[in-house]
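Residues 73 to 155 (my numbering) are what the sequence shown spells out, left to right.
Think of the CB as a built atom: it goes at the ideal place given N, C-alpha and C, for glycine as much as any other residue.
Structure first, commentary second.
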Amino acid sequence: MFTLEETQSLLAEKGIGKTVLQRLQQMSLDDVAKLAVADAADILEQSAALTGSTCWKNSPQAKAAVVAAIAWAVNRQKGYLKT
73 MFTLEETQSL
83 LAEKGIGKTV
93 LQRLQQMSLD
103 DVAKLAVADA
113 ADILEQSAAL
123 TGSTCWKNSP
133 QAKAAVVAAI
143 AWAVNRQKGY
153 LKT
């Protein structure tokens, strides 16, 4: 589970809000290491299934948010972002 500081840092990323964070948590991607190796297309597909809506799969905003979340996790693991 993300720490409070990680949650705040992730939410500070452009395009990432509470809904994106909630979807990641629903998919057990609330850990930096897991999120860093996740596939954006898989996350979008699973999010669409969770919500019963294709919006997640087809939305450029959703894709950008998921890509940003993965990039955040990768950078966090590499130590580019403050822990």
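Taken in chain order, the unbroken stretches of alpha helix (DSSP H) that lie wholly in the segment 75–135 and span 4 residues or more are 76–83, 90–98, 104–108, 112–123 and 127–130. In terms of Cβ geometry, residue 82 and residue 88 form a close pair [threshold 7 Å]. Taking C-beta separations shorter than 8 Å and ignoring five residues to either side along the sequence, the partners of residue 79 in its chain run 93, following chain order. Distance between residue 142 and residue 115, taken at the CA atoms: about 10 Å.
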